[in-house]
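So the protein lines, in turn, are chains A and B. Counting in our numbering, the first sequence tops out at residue 589, every number present. Counting in our numbering, the second sequence tops out at residue 115, every number present. All remarks here apply to the structure that follows.
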Amino acid sequence: MMNDGTMPDHLMIAPILIPLVAGAIMLFYNDRNRQIKLIMGLVAVGLTFLASVELMSDVKSATEQGGTVVGLYRLGDWPVPIGIVLVLDRLSAMMVMLTALLAAPSLIYAAAGWHGKGQHYHSMFQFLLAGVNGSFLTGDLFNLFVFFEVMLAASYGLMLHGSGPERIKAGLHYLAVNLAASLFFLIGVALVYGTTGTLNMADIARALHWLDDAERLLFHAAATFLGLAFLIKAAAWPLCFWLPPTYGTASPPAAAIMAIMTKVGIYVILRLSLLVLGPDAGASAGFGAPVLMIGGVLTMAFGMIGILGTPELARKGGYLAIISSGTVLASIGFAQAGGGSSMLGGALYYMVGSTAAISAFFLIAEPVTRNDLGDDDVPVEDDGFDPLSERWTPMGLGTVEDTSAPASQRTVSWLTMSICFGLVAAMIAGLPPMPGFIGKLAILRGAIEDNLPTSGHLPVILWAYAAMLILSGLGALISLMRFGIRRFWAEEGPTPRILALEVVPVVMLLGMIGLQTVRSDALLGYTNATASALLEPGVYRRAVLAEAQDVRAAPVQSFAPDPQPENGQEPEAQE
Amino acid sequence: MELILALAIGILVGSGVWLLLRPRSYQVIIGLCLLAYGVNLFIFAMGRLYVGAAPIMPKGGFVDPTAYADPLPQALVLTAIVISFATTALFLVLMIAARGATGTDHVDGKERHS
Chain A
15 MMNDGTMPDH LMIAPILIPL VAGAIMLFYN DRNRQIKLIM GLVAVGLTFL ASVELMSDVK
75 SATEQGGTVV GLYRLGDWPV PIGIVLVLDR LSAMMVMLTA LLAAPSLIYA AAGWHGKGQH
135 YHSMFQFLLA GVNGSFLTGD LFNLFVFFEV MLAASYGLML HGSGPERIKA GLHYLAVNLA
195 ASLFFLIGVA LVYGTTGTLN MADIARALHW LDDAERLLFH AAATFLGLAF LIKAAAWPLC
255 FWLPPTYGTA SPPAAAIMAI MTKVGIYVIL RLSLLVLGPD AGASAGFGAP VLMIGGVLTM
315 AFGMIGILGT PELARKGGYL AIISSGTVLA SIGFAQAGGG SSMLGGALYY MVGSTAAISA
375 FFLIAEPVTR NDLGDDDVPV EDDGFDPLSE RWTPMGLGTV EDTSAPASQR TVSWLTMSIC
435 FGLVAAMIAG LPPMPGFIGK LAILRGAIED NLPTSGHLPV ILWAYAAMLI LSGLGALISL
495 MRFGIRRFWA EEGPTPRILA LEVVPVVMLL GMIGLQTVRS DALLGYTNAT ASALLEPGVY
555 RRAVLAEAQD VRAAPVQSFA PDPQPENGQE PEAQE
Chain B
2 MELILALAIG ILVGSGVWLL LRPRSYQVII GLCLLAYGVN LFIFAMGRLY VGAAPIMPKG
62 GFVDPTAYAD PLPQALVLTA IVISFATTAL FLVLMIAARG ATGTDHVDGK ERHS
């Protein structure tokens with residue numbers, strides 16, 4: 015524990031409360047006061063970021079002092095296995111910080127005009143952040159469902175922001191798929207409760223040891239249902255068809271923040287598969303690992319084919335998100351099957367960089383295709399007619415910055431955008447010195463170093479993974495360079511007007527990616543330590559359940575004092 | 002009681018899945034509703050079945066927990082009902098918007114002419 019029990023660390027709930035309160039306060043203002051809402055949103059994101067920095071330094075110092083990895087926050091001060099807890103460890107601290115880092119550029123970009131295209135953009139944005147941060151911090155399965163729904167409800171609104179038939183059509187599919195996934199999630203939660211009698215993630219892992227064969231079968235069914243729900247969210251291969259149209263038609267700032275949402279699915283899979291079904295889970299050890307491994311590799315292959323096949327730039331971004339998901343999912347599968355921690359550490363490093371890059375990609379995709387029909391095979395007409403101008407007019411922060419000197423401004427912003435496009439493409443393809451390269455190198459090195467000496471050879475699936483890791487980067491590179499050459503080099507004539515407010519967020523995200531390269535040693539060290547901690551689920555379990563002993567010893571309820579197979583966590587029903 | 006409940010959940014979920022896979026958006030929304038009902042009953046059943054047992058214990062003192070129904074699934078069902086109700090309402094709005102924008106109630110926004 016970070017603090018010694020008496021005074022709870024209220025900072026832990028700040029990343030959930032700040033956006034929630036900010037979003038709620040914004041609802042009291044008329045939607046025309048967008049500038050006020052924007053400033054409030056930026057302040058909220060800034061505060062969330064500061065809180066995440068503080069949380070991360072807490073986590074780091076706790077680990078360095080040899081303490082437990084976990085900070086615990088009991089909501090309502092209920093005793094641990096009964097009440098809902100928030101749990102902070104290295105992984106959740108990192109993800110919360112990543113969310114805040116992605117949120118700021120997306121908000122600034124929205125200020126260039128998109129936030130005026132519909133109602134309550136800023137409130138929905140904050141609620142989305144609250145849901146995402148809550149999903150990262152919660153230690154309770156049903157609480158996770160609630161935060162998931164908060165996140166999804168906000169994302170429906172953000173996805174449909176700006177309206178138009180294309181968005182409505184894609185939104186209908188997105189909504190239907192996610193409603194079905196939520197129902198799968200509920201079935202899984204109910205089965206987990208029915209078999210283990212608890213919804214606390216750490217307690218589930220412990221209760222798992224007491225299950226008999228019939229119950230274990232039911233628990234595996236529960237894990238399958240939960241996995242299905244999260245794999246839909248994480249866009250693993252057979253379940254990912256909703257993603258490219260959804261992200262491709264969503265407004266760019268919304269798509270940029272929704273890039274973190276696939277990572278929420280990945281986060282939950284990572285958390286649950288290593289905590290509950292990790293190597294020390296007895297008869298259930300490694301359940302689902304082959305699905306993650308093979309599914310991850312197939313997802314990467316699908317993403318690669320998709321990105322080569324689609325001409326539309328925003329949809330390419332969707333396939334990039336799929337490739338990124340597949341890469342991390344496969345690594346989780348290998349780690350769960352005992353493939354070593356350094357591979358997972360590399361994958362986490364890769365995930366941070368690729369999420370930022372995909373977010374930047376969505377922000378770049380709309381301005382650079384603004385002049386054409388989004389189809390790189392159709393020659394662009396240069397008669398100054400903008401087919402999108404009726405749907406989209408940049409508004410700016412009250413005054414449009416680049417009207418005074420249009421010619422030079424245009425050139426600079428266009429040039430900056432094209433350079434940013436090249437850098438993002440290099441990052442996604444994994445060219446040195448971008449973090450994409452460092453991450454992939456770390457994954458490959460971890461895969462070979464951890465597995466070659468022990469078994470003497472690499473399993474076939476690991477070879478397939480390594481090959482896909484390189485091939486998917488190549489596919490992305492070919493596809494993006496093809497687009498880039500046509501759009502930025504070959505094309506002559508007037509360039510679309512790009513506001514400074516649209517360039518700045520992209521540069522911010524690229525700065526973050528650059529910082530990741532410069533400080534790659536520190537970040538890789540952090541993610542490697544995170545991966546090792548994730549593969550030691552006992553520490554997490556003990557830290558969460560440390561105070562659970564008091565409850566068990568209390569005479570009020572007939573809890574079993576010790577693990578006994580016939581006496582579960584909750585009183586069983588009497589037939 | 003077990004048989005009736007199991008059959009009810011099975012029929013609800015079965016017809017829900019079938020309707021969910023139909024091409025008309027109205028069928029999809031009814032399918033989602035039926036699925037949600039089935040799942041809510043299922044959550045309820047996962048707390049075991051009780052007849053005539055209160056879910057809330059009286060204040061103070063030791064009580065026999067086996068004489069009471071499990072309150073947790075009831076709380077979960079309540080939350081799930083609220084959430085699925087809200088999202089279904091949103092889906093309904095979107096469905097009407099899609100009908101207006103595309104002129105058809107096909108889920109893909111256009112009729113399939115084979």
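Note that CB positions come from ideal geometry on N, CA and C, so glycine has one too.
- Message: Cβ closer than 7 angstroms: which chain B residues qualify as neighbours of Y261(A)?
- Response: Looking up residue 261(A) in the first sequence gives position 247. Going along chain B, no residue has its Cβ under 7 angstroms from Y261(A), so there is no contact; the nearest lies around 17 angstroms.
- Message: Going by DSSP, what residue range makes up the beta strand (DSSP E) through Y87(A)?
- Response: Within the first sequence, residue 87(A) is the residue found at index 73, counting from 1. 85 to 88 is the extent of the beta strand (DSSP E) around Y87(A).
- Task: In the DSSP assignment, find the beta strand (DSSP E) that holds L50(B) and state where it starts and stops.
- Result: The sequence position of residue 50(B) within the second sequence is 49, counting from 1. In the DSSP annotation of this structure, L50(B) is not part of any beta strand (DSSP E), being labelled neither H nor E.
- Item | Span of the alpha helix (DSSP H), counted from its first residue to its last, around L41(A) | Against the first sequence, residue 41(A) aligns to sequence position 27. Element bounds for L41(A): n/a, residue is neither H nor E.
- Query: Opposite T152(A) in the DSSP bridges: which residues?
  - Reply: Taking the first residue of the first sequence as position 1, residue 152(A) is located at position 138. Partner(s): L100(A).
- Checking contacts by CB at 8 angstroms: is S26(B) closer than that to chain A? Counted from its first residue, the second sequence places residue 26(B) at position 25. S26(B) counts as touching chain A.
- Quick one: list the residues of chain A neighbouring T80(B), beta-carbon separation under 7 angstroms, in chain order. In the second sequence, counting from the first residue as 1, residue 80(B) sits at position 79. Those within 7 angstroms of T80(B) in chain A are V160.
- Task: Flag I201(A) as yes if its beta-carbon sits less than 8 angstroms from any beta-carbon of chain B, otherwise no.
- Result: Translated into positions along the first sequence, residue 201(A) becomes position 187. Answer yes: the Cβ-Cβ gap between I201(A) and chain B drops below 8 angstroms somewhere.
- Given that a residue counts as buried once 16 or more other Cβ atoms are within 10 Å of its Cβ, and exposed if not, what is T468(A)? Here the question's residue 468(A) lines up with position 454 in the first sequence. That one is exposed.
- Task: Indicate the three-state DSSP secondary structure (helix, strand or coil) for H175(A) in the structure shown.
- Result: One-based indexing of the first sequence puts residue 175(A) at position 161. It is coil, neither helix nor strand.
- Using a cut-off of 8 angstroms between C-beta atoms, extract the partners of E163(A) located in chain B. Sequence index remark: in the first sequence, residue 163(A) carries index 149 (1-based). Those are I84, T88, listed as they occur along chain B.
- Distance between K247(A) and Q350(A) (C-alpha atoms, nearest Å): Counting from one through the first sequence, the residue named residue 350(A) turns up at place 336. Counting from one through the first sequence, the residue named residue 247(A) turns up at place 233. When rounded, the separation of the alpha-carbon atoms in Q350(A) and K247(A) is 20 angstroms.
- Within 8 angstroms, strictly: CB atoms of A456(A) and M448(A): The residue labelled residue 456(A) in the question sits at position 442 within the first sequence. The residue labelled residue 448(A) in the question sits at position 434 within the first sequence. Taking 8 angstroms as the cut-off, the beta carbon of A456(A) is found no closer than this to the beta carbon of M448(A).
- Item | Beta bridge counterpart(s) of R25(B) as assigned by DSSP | For the purposes of this step, residue 25(B) is taken as the residue at position 24 of the second sequence. DSSP output for R25(B) lists H107(B) as bridge partner(s).
- Query: Across which residues does DSSP place N147(A) in a beta bridge pair?
  - Reply: The residue given as residue 147(A) occupies position 133 in the first sequence. Paired residues: none, contrary to the question.
- Residues bridged to N214(A) by DSSP? Walking along the first sequence from the start, residue 214(A) turns up at place 200. In the DSSP output, where bridge partners are listed per residue, N214(A) has D154(A).
- What's the gap between the Cα of P258(A) and the Cα of D71(B)? Translated into the one-based positions of the first sequence, residue 258(A) becomes position 244. Translated into the one-based positions of the second sequence, residue 71(B) becomes position 70. Going from the Cα of P258(A) to the Cα of D71(B) covers about 43 angstroms.
- Item | Length of the line joining the Cα atoms of A98(B) and F86(B) | Within the second sequence, numbered from 1, the residue matching residue 98(B) stands at position 97. Within the second sequence, numbered from 1, the residue matching residue 86(B) stands at position 85. Put simply, the backbone Cα of A98(B) is about 19 angstroms away from that of F86(B).
- Going by CA-CA distance only, name the one from D226(A), R230(A), V558(A), T369(A) that's closest to M275(A). For this step, residue 275(A) is matched to residue 261 along the first sequence. Comparing Cα-Cα distances from M275(A) to each of D226(A), R230(A), V558(A), T369(A), the minimum goes to T369(A).
- Query: In three-state terms, what does DSSP make of I32(A)?
  - Reply: Reading the first sequence from its first residue, position 18 is the one you call residue 32(A). If DSSP states are grouped into helix, strand and coil, I32(A) belongs with the helices.
- Query: Which class does C592(A) belong to by DSSP, given the choice of helix, strand or coil?
  - Reply: Past the boundaries of the shown model lies residue 592(A); chain A is included only from 15 to 589, so the question cannot be answered.
- How long is the line joining the alpha carbons of H234(A) and I378(A), rounded to whole angstroms? Counting from 1 along the first sequence, the entry for residue 234(A) is found at position 220. Counting from 1 along the first sequence, the entry for residue 378(A) is found at position 364. Approximately 43 angstroms between the Cα atoms of the pair.
- On the three-state DSSP scale, how would you describe D65(B)? What you label residue 65(B) is simply residue 64 of the second sequence in a count that begins at 1. D65(B): coil per DSSP, three-state reduction.
- Query: Using a C-beta cutoff of 8 angstroms, does F239(A) count as contacting chain B?
  - Reply: Locating residue 239(A) in the first sequence gives position 225, where the first residue counts as 1. Answer no: the Cβ-Cβ gap between F239(A) and chain B never drops below 8 angstroms.
- Item | CB contact flag (S373(A), S120(A), <8 angstroms) | If you number the first sequence from 1, residue 373(A) lands on position 359. If you number the first sequence from 1, residue 120(A) lands on position 106. Yes, Cβ-Cβ distance for S373(A) and S120(A) is below 8 angstroms.
- Query: Using a Cβ-Cβ cut-off of 8 angstroms (strictly less than) and excluding sequence neighbours within five positions of M307(A), which residues of its own chain qualify?
  - Reply: The residue you call residue 307(A) lines up with position 293 of the first sequence. Closer than 8 angstroms at Cβ, skipping near neighbours: A344, G347, F348, A351, I475, Y479.
- Task: Can you give me, in chain order, the residues of the stretch 219 to 245 of chain A that have a beta carbon less than 7 angstroms from any beta carbon in chain B?
- Result: none
- Give the secondary structure of A221(A) by DSSP, where H, G and I count as helix, E and B as strand, and everything else as coil. As a working mapping, residue 221(A) is identified with position 207 in the first sequence. Looking at A221(A) - three-state DSSP - the assignment turns out to be helix.
- DSSP three-state assignment for S422(A), whether helix, strand or coil: For this step, residue 422(A) is matched to residue 408 along the first sequence. Confidence in S422(A) is poor, its pLDDT being 43 and thus under 50, which makes the residue's placement too unreliable to answer from.
- Task: Answer with yes or no whether the minimum CB distance from T103(B) to chain A is below 8 angstroms.
- Result: The residue given as residue 103(B) occupies position 102 in the second sequence. Yes, T103(B) counts as interfacial toward chain A.
- Determine which residues of the stretch 112 to 140 of chain A have a Cβ less than 8 angstroms from any Cβ of chain B, and write them out in chain order. none
- Can you name, in chain order, every residue of its own chain whose Cβ lies under 7 angstroms from the Cβ of A481(A), other than the five neighbours on each side? Residue 481(A) sits at position 467 when you count from the first residue of the first sequence. For A481(A), where only same-chain residues beyond five positions count, there are no Cβ hits under 7 angstroms.
- Task: May I ask you to report which of helix, strand or coil DSSP gives S355(A)?
- Result: Here residue 355(A) refers to the residue found at position 341 of the first sequence. If DSSP states are grouped into helix, strand and coil, S355(A) belongs with the helices.
- Query: Quick one: Cα of T89(B) to Cα of A167(A), how far?
  - Reply: The residue given as residue 89(B) occupies position 88 in the second sequence. The residue given as residue 167(A) occupies position 153 in the first sequence. Roughly 11 angstroms separates the two Cα atoms.
- Note down the Cα distance separating R220(A) from R555(A), rounded to an integer number of angstroms. By 1-based counting over the first sequence, the position of residue 220(A) is 206. By 1-based counting over the first sequence, the position of residue 555(A) is 541. Straight-line Cα distance between these residues: approximately 8 angstroms.
- Item | Spatial neighbours of G153(A) in its chain, beta-carbon cut-off 7 angstroms, leaving aside the 5 residues before and after | The count along the first sequence starts at 1 and reaches residue 153(A) at position 139. Excluding sequence neighbours, G153(A) sits near V99, L100, V101, N214, M215, A216, V558.
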